[in-house]
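Protein chains in written order, with our numbering: chain A, 1 to 512; chain B, 513 to 1010.
Ideal Cβ positions, reconstructed from N, Cα and C, are used throughout, including at glycine.
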Amino acid sequence: MNTATDNSTVHENTVRPEALRSELLVDGYEVVIGIEVHCQLNTDSKIFSSAPIDFGHEPNTQASIVDLGLPGVLPVLNSGVVERALKFGMGVDAELGLFNTFDRKNYFYPDLPKGYQITQMANPIVGRGHIDVVVNEGDNNEYPKRMGITRAHLEEDAGKSVHDAVDGMTGVDLNRAGTPLIEIVSEPDMRSAHEALAYIKAIHQLVTWLGISDAIMAEGSFRCDCNVSIRKPGTPLGTRTELKNLNSFRNIERAINREIERQIDIIEEGGKVVQATMLYDPEQDETRAMRSKEEANDYRYFPDPDLLPVRIEQHTVDTIRATMPELPVARRARLEIELELSEYDARILTGSRQLADYFEAVVSEVGQQHAKIAANWVMGDLLGALNKDDKDITTSPISAKQLAGMLKRLFDDTLSGKLAKKAFSALYEREFGDAEDAADQIIEAKGLKQETDTGAIKAIVEDVIANNEAMVEEYRGGKEKAFNGLVGQVMKASRGSANPQQVNQILKELLG
Amino acid sequence: MSELHLLSTQQLITGLQDQQFSSLELTEHYIKRIDALDSKINSFITHTSETARAQAQAADEMRAQGDKRPLLGVPMAHKDIFCTQGVLTTCGSKMLHNFVSPYDATIVTNIARAGMISLGKLNMDEFAMGSDNSSSYYGTVQNPWNLERVPGGSSGGSASAVAAGFIPVATASDTGGSIRQPASFCGLTGIKPTYGRVSRFGMIAYASSLDQAGSLGRSAKDCAYLLQPMVGHDPRDATCIKYDIPDYVQDINDAEAQAGDKPFAGLRIGIAKEYFGKGLNAEVDKVVRAALHKYEELGATIVEVNITDPEITLATYYMLAPAEASSNLSRFDGVRFGYRCENPKDLIDLYTRSRSEGFGPEVQRRILMGTYALSAGYFDAYYIKAQKVRRLIIKDFDDAFANCDVIASPTAPTAAYKLSDNLDPATMYLGDVYTIGVNLAGLPALSQPVGLTSEGLPVGLQLIGQHWQESQLLTTAHLFQQHTDHHLQHSAIAKETV
């Protein structure tokens, strides 16, 4: 067993040479970033006790005697965490730790009730794997990259020290103690804040896609530590600093960039970067040292004698594999090939499993030949509206069936594009609630049916020609634009219901 | 009724069933003895006489209504290492001088469910660390056979209380011999079951991979009675394994019914020269050999086996047990329960002084040893090496059991010594030399009384069995006790009437 005093990411000399992209150099320095993600697993109860893990309760109401670390209590592993960790391992195509063990990491802190954290040091449940991401370095500069994952292991979360609740005292809230975490440790493969962000977003997408975590950053159920160092290309790794507990995608990017600048400034001024744990202060937009690594504890890792090794049988692996959903990358590829969507569209539509499911449910109703238009409606109108209302696909007021119902009316010419927008708004306002045929009811109630009767359209066109002599003259005098004005008048007169192609055709005929 | 406390558990059960006496009378008898005599030996830390009386009365009523649980209304007491809801649980330490547990240990629940009545909490070496009960914050315990002598540790309070006739049976725990060595010093039978047989949930941890709860009584059958409700799988202890549970008393009765003149015919008892070497007191040697001769007379065959050099075993134990202890005792930090120092000036001061003031010297010594053994740079040389040796010790036992059914040895190298002998720690650790291999291998073992020294001090014989073979050990000791009367000898205090 390794006796290192720190299980952080950077393994010297493991940086792969092909990772270097010269355009990413900052003032001639190459940036090296490794990331640890602490992701809370969404089990009903804690990793070693039956206490619930709900967020946002009164302090110490979600902690059992096991979480409190009372004398004599013992941990018992929640099998739900094993299943979730294995799903993650399969999701990153990793070697699975079929024999994995728990270790104790010993240190004193008031929010650590037992005086040690139970974690996996020597034999983690997930070994080497990787995740494929698309990095966005700005407009027209996107590229795919494979990021290495060193390992992922199970561990329990600590509690929380509360510094402001009791005057002159520090309180301890152990609601979070014993919450199951999977700590995902990357290779030092990231070369910019954007690459780091792309990696973190991909992990975030994956864990929610797999349904193993709620991954809500604001609630701390998805937390990132970034190890940042800089070096001249081709030279050994520089001294790294660790940015702790970054709690939003925006702060991750800003913190990394600030830290890169800080390190460059130090080196340019002839100084040396000191290994340290840094905190990012969003108010001041700066990184500050929390503690230097010289004061680091000797964690005295050793196998936890209260927990037996976990031996995972092949049939367990097979059973879990059988329940694995199609992964984001595979699904993206399938949408591109089967539905002939662009890479961009496919990526947006696989932003979450729920969105992809929604989209595919719509397509299965309207037919593959309409996939592109369905994609436009989902990505444009629907996501736009949801975004504006701070909602996501899981809280969409329009069901996939309802949207498909509307699109069918578009495709069979019952609706014009313009009327469809009206129908969409009505659907979004849920004017006919959950009804699967809400779109048809809306068309009926609002009279949105497109007019395709040639005779009826002709009558309106004749009327318009008669009442807009000036415009007719202009058109006949050679002003093509006037034609559009006449079309507009016809549409207006028909209250938008006339089929535009027919209007064009009839108008042209009558104007000669 | 002055003789009630000299009755065996079997006799108590029969007496209660036949209404020769009530549970309340029995309980009162013991309480009266404890009140009158415990000041001489200091075996109890906490008395629960009032609740015991209420429980006894309730037990009598239940029995009258047809409740047939055999142990219903039989008194006992718990080693203070077991958490008891609403009752002080100190683990013999100042660190827990104010700790009233909000929950019951699994075995406490199980024993209460069997209908037994707890008379209180028994003195022990602090956090079960010690071999003579001198490390208790609540003072040393005297040996009821000779008040100048130690009762053995760490279950010294449990052993003394039974030997004094304050309770018929007691719970105890054994990390390196803490049931067997006090049983030996106090003339009792004590059994440490297979690791994983009894739940550790609610037993305050010393060294998790070695700790195991067991029972102490005056005879093998008494031990069997108390052990029965203790054993079995507990979903709250991941190391407490699902395994067939025998009926220990029934097995004893069956064996007794089948036994002829030579009850041990076919039994191969392994003797290891490693357990009869230097350091073994000559008188103890003599008494133990006489007992083995008796086993032979009763049909057993003695065979030679080899096991790991006890000095290696001792060194392994004193590497691993403190390592685990240093981690297990981290939770005693003054933050959430137990002792907290006065006016800490900051967090580090709170930790440092709470632990310095709350833990006694033996506990501090082992925490320091263990911290050292686990620290970066020494881990491989000490902890990992010791774990490897542990594998070899287990293998040596396995090999030995290929040639015998049980292994016999002296339980301890000496009889009870005087507290004033003031042994240095290293010498005191030698007292565990024959018992700790069993804990490292997770085996069951029992100590039974087999005679007295010339000074009238009890001597114990240890029987070591294969995994899960408690029943064989209890039966073997019981059949021996059918043909001998060592277990019927009484301590000076037990002979006193009040």
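Looking at the C-beta of Val162 (chain A), does it have a partner C-beta in chain B at a distance below 7 Å?
-> Taking the first sequence and counting its residues from 1, the one referred to as residue 162 (chain A) is at position 162. Cβ-Cβ to chain B under 7 Å: no for Val162 (chain A).
Could you name the residues of the same chain whose beta carbon sits closer than 7 Å to that of Phe678 (chain B), not counting the 5 residues immediately before and after it, in chain order?
-> Within the second sequence, residue 678 (chain B) is the residue found at index 166, counting from 1. Taken in chain order, the residues that qualify are Tyr542, Arg545, Ile546, Asp550 and Ser555.
Best match in B:Gln960, B:Gln740, B:Leu975 and B:Trp657 for proximity to Arg625 (chain B) [C-alpha to C-alpha] | Along the second sequence, one-based indexing puts residue 625 (chain B) at 113. Per the Cα distances, B:Gln740.
Collapsed DSSP secondary structure at His995 (chain B) in the structure displayed | Taking the first residue of the second sequence as 1, we reach residue 995 (chain B) at position 483. Three-state result, His995 (chain B): coil.
Chain A partners of Arg883 (chain B), CB-CB under 8 Å?
-> Taking the second sequence and counting its residues from 1, one reaches residue 883 (chain B) at position 371. Per the sequence presented here, residue 883 (chain B) reads as Thr, with Arg not at that position. Residues of chain A passing the Cβ test: Arg300.
Touching by the beta-carbon criterion (3+ pairs, under 8 Å), the region 177–186 of chain A and the region 38–48 of chain A | yes
For Glu444 (chain A), name the three-state secondary structure that DSSP assigns.
-> Numbered from 1 along the first sequence, position 444 holds the residue referred to as residue 444 (chain A). Glu444 (chain A) falls in the helix class under three-state DSSP.
Where the beta strand (DSSP E) containing Met147 (chain A) begins and where it ends = Walking along the first sequence from the start, residue 147 (chain A) turns up at place 147. Counting along the chain, the beta strand (DSSP E) containing Met147 (chain A) begins and ends at Glu142 to Glu156.
If we ignore side chains and look at the alpha-carbon of each, how far apart do Arg21 (chain A) and Gly496 (chain A) end up?
-> Taking the first sequence and counting its residues from 1, one reaches residue 21 (chain A) at position 21. Taking the first sequence and counting its residues from 1, one reaches residue 496 (chain A) at position 496. Roughly 54 Å separates the two Cα atoms.
From Glu1054 (chain B) to Leu583 (chain B), what does the alpha carbon distance come to, in whole angstroms?
-> Nothing about residue 1054 (chain B) can be reported from this structure: the residues present for chain B run from 513 to 1010 only.
Indicate whether at least one CB of chain A lies closer than 7 Å to the CB of Phe788 (chain B).
-> Along the second sequence, read from residue 1 onward, the residue named residue 788 (chain B) stands at position 276. With 7 Å as the cut-off, Phe788 (chain B) does not count as an interface residue toward chain A.
Cα separation between Ala924 (chain B) and Gly963 (chain B)?
-> Position 412 of the second sequence, counted from the start, is the residue given in the question as residue 924 (chain B). Position 451 of the second sequence, counted from the start, is the residue given in the question as residue 963 (chain B). Cα to Cα, the separation comes out at about 13 Å.
Mind listing which residues of the region 738–769 of chain B have their C-beta closer than 8 Å to chain A's C-betas, in chain order?
-> Pro747, Arg748, Asp749, Ala750 and Thr751
Under 7 Å between the Cβ atoms of Ser666 (chain B) and Asp637 (chain B)?
-> Translated into positions along the second sequence, residue 666 (chain B) becomes position 154. Translated into positions along the second sequence, residue 637 (chain B) becomes position 125. A contact, by the Cβ cut-off of 7 Å.
Roughly how many angstroms lie between the CA atoms of Ser647 (chain B) and Gly664 (chain B), to the nearest whole one?
-> Residue 647 (chain B) sits at position 135 when you count from the first residue of the second sequence. Residue 664 (chain B) sits at position 152 when you count from the first residue of the second sequence. Distance between the alpha carbons of Ser647 (chain B) and Gly664 (chain B): 11 Å.
Secondary structure at Val586 (chain B), three-state DSSP: helix, strand or coil?
-> The count along the second sequence starts at 1 and reaches residue 586 (chain B) at position 74. Note: Val586 (chain B) maps to coil in three-state DSSP.
Start and end residues, alpha helix (DSSP H) containing Asp318 (chain A) | If you number the first sequence from 1, residue 318 (chain A) lands on position 318. In the DSSP assignment, Asp318 (chain A) falls within the unbroken alpha helix (DSSP H) covering Gln314 to Ala322.
Cβ of Tyr863 (chain B) less than 7 Å from any chain A Cβ?
-> Against the second sequence, residue 863 (chain B) aligns to sequence position 351. Judged by the 7 Å Cβ criterion, Tyr863 (chain B) is in contact with chain A.
Starting from Val32 (chain A), follow the beta strand (DSSP E) in both directions and report where the run begins and ends.
-> Mapped onto the first sequence, residue 32 (chain A) falls at position 32. Its beta strand (DSSP E) spans residues Glu30 to Gln40.
Determine, using beta carbons only, whether Glu1008 (chain B) comes closer than 7 Å to chain A.
-> What you label residue 1008 (chain B) is simply residue 496 of the second sequence in a count that begins at 1. No, no contact with chain A.
Please classify Thr683 (chain B): does DSSP put it in a helix, a strand, or coil?
-> Your numbering for residue 683 (chain B) matches position 171 in the second sequence. Of the three classes helix, strand and coil, the one that applies to Thr683 (chain B) here is strand, per DSSP.
Reduced DSSP category for Ser364 (chain A) - H, G, I as helix; E, B as strand; rest coil | If you number the first sequence from 1, residue 364 (chain A) lands on position 364. Reduced to three states, the DSSP call for Ser364 (chain A) is helix.
Between A:Phe483, A:Glu336 and A:Ala202, which lies nearest to Val135 (chain A) when the distance is taken from Cα to Cα?
-> Along the first sequence, read from residue 1 onward, the residue named residue 135 (chain A) stands at position 135. If we check each option's Cα against that of Val135 (chain A), A:Ala202 comes out closest.
Going by DSSP, name the residue or residues bridged to Val918 (chain B).
-> For the purposes of this step, residue 918 (chain B) is taken as residue 406 along the second sequence, with counting starting at 1. Paired residues: B:Ile781.
Looking at Asp746 (chain B) and Thr1025 (chain B), is the spacing between their C-beta atoms short of 7 Å?
-> An answer regarding residue 1025 (chain B) cannot be provided, because it is not within the stretch 513 to 1010 covered by chain B.
From Glu660 (chain B) to Glu515 (chain B), what does the alpha carbon distance come to, in whole angstroms?
-> As a position in the second sequence, residue 660 (chain B) is number 148, starting the count at 1. As a position in the second sequence, residue 515 (chain B) is number 3, starting the count at 1. Each residue's Cα considered, the two are about 26 Å apart.
Distance, Cα to Cα, Ala4 (chain A) vs Phe697 (chain B)?
-> Taking the first residue of the first sequence as position 1, residue 4 (chain A) is located at position 4. Taking the first residue of the second sequence as position 1, residue 697 (chain B) is located at position 185. Per-residue confidence for Ala4 (chain A) stands at a pLDDT of 37, beneath the threshold of 50, marking its modelled position as unreliable; the derived number appears in the next sentence. Each residue's alpha carbon lies about 46 Å from the other.
Is there a Cβ from chain B that is less than 7 Å from the Cβ of Asn2 (chain A)?
-> On the first sequence, residue 2 (chain A) is found 2 positions in, with the first residue counted as 1. Reliability of the predicted coordinates at Asn2 (chain A) is poor, the pLDDT of 38 falling under 50, and the value obtained from them is presented with this limitation in mind. No, Asn2 (chain A) lies away from the interface with chain B (no Cβ there is under 7 Å from its Cβ).
Could you tell me whether any Cβ in chain A is nearer than 7 Å to the Cβ of Arg843 (chain B)?
-> On the second sequence, position 331 is the one that residue 843 (chain B) refers to. At least one chain A Cβ lies under 7 Å of Arg843 (chain B).
Rounded to a whole number of angstroms, what is the C-alpha to C-alpha distance between Met715 (chain B) and Asn840 (chain B)?
-> Here residue 715 (chain B) corresponds to residue number 203 of the second sequence, with the count starting at 1. Here residue 840 (chain B) corresponds to residue number 328 of the second sequence, with the count starting at 1. If I take the Cα positions, the gap works out to 12 Å.
Cα-Cα separation between Ala215 (chain A) and Ala63 (chain A), rounded to whole angstroms = Translated into positions along the first sequence, residue 215 (chain A) becomes position 215. Translated into positions along the first sequence, residue 63 (chain A) becomes position 63. Going by the C-alpha atoms only, they are around 21 Å apart.
How long is the line joining the alpha carbons of Ser494 (chain A) and Val207 (chain A), rounded to whole angstroms?
-> Counted from its first residue, the first sequence places residue 494 (chain A) at position 494. Counted from its first residue, the first sequence places residue 207 (chain A) at position 207. In a straight line, the C-alpha of Ser494 (chain A) is about 51 Å away from that of Val207 (chain A).
Cβ of Pro110 (chain A) within 7 Å of any chain B Cβ | If you number the first sequence from 1, residue 110 (chain A) lands on position 110. Pro110 (chain A) counts as touching chain B.
With Thr988 (chain B) and Val918 (chain B) assumed to form a contact (beta carbons below 8 Å), what rounded beta-carbon distance in angstroms separates them?
-> Here residue 988 (chain B) is taken as the residue at index 476 of the second sequence, counted from 1. Here residue 918 (chain B) is taken as the residue at index 406 of the second sequence, counted from 1. With a Cβ gap of about 6 Å, Thr988 (chain B) and Val918 (chain B) count as contacting.
Using only alpha-carbon positions, find the residue among A:Pro282, A:Gly234 and A:Asn140 that is nearest to Asn257 (chain A).
-> If you number the first sequence from 1, residue 257 (chain A) lands on position 257. When only C-alpha atoms are compared, the closest one is A:Pro282.
Would you please state the rounded distance, in angstroms, between the beta carbons of Gln693 (chain B) and Ser643 (chain B)? I believe it to be under 8 Å.
-> On the second sequence, position 181 is the one that residue 693 (chain B) refers to. On the second sequence, position 131 is the one that residue 643 (chain B) refers to. About 6 Å separates the two Cβ atoms, so the contact holds.
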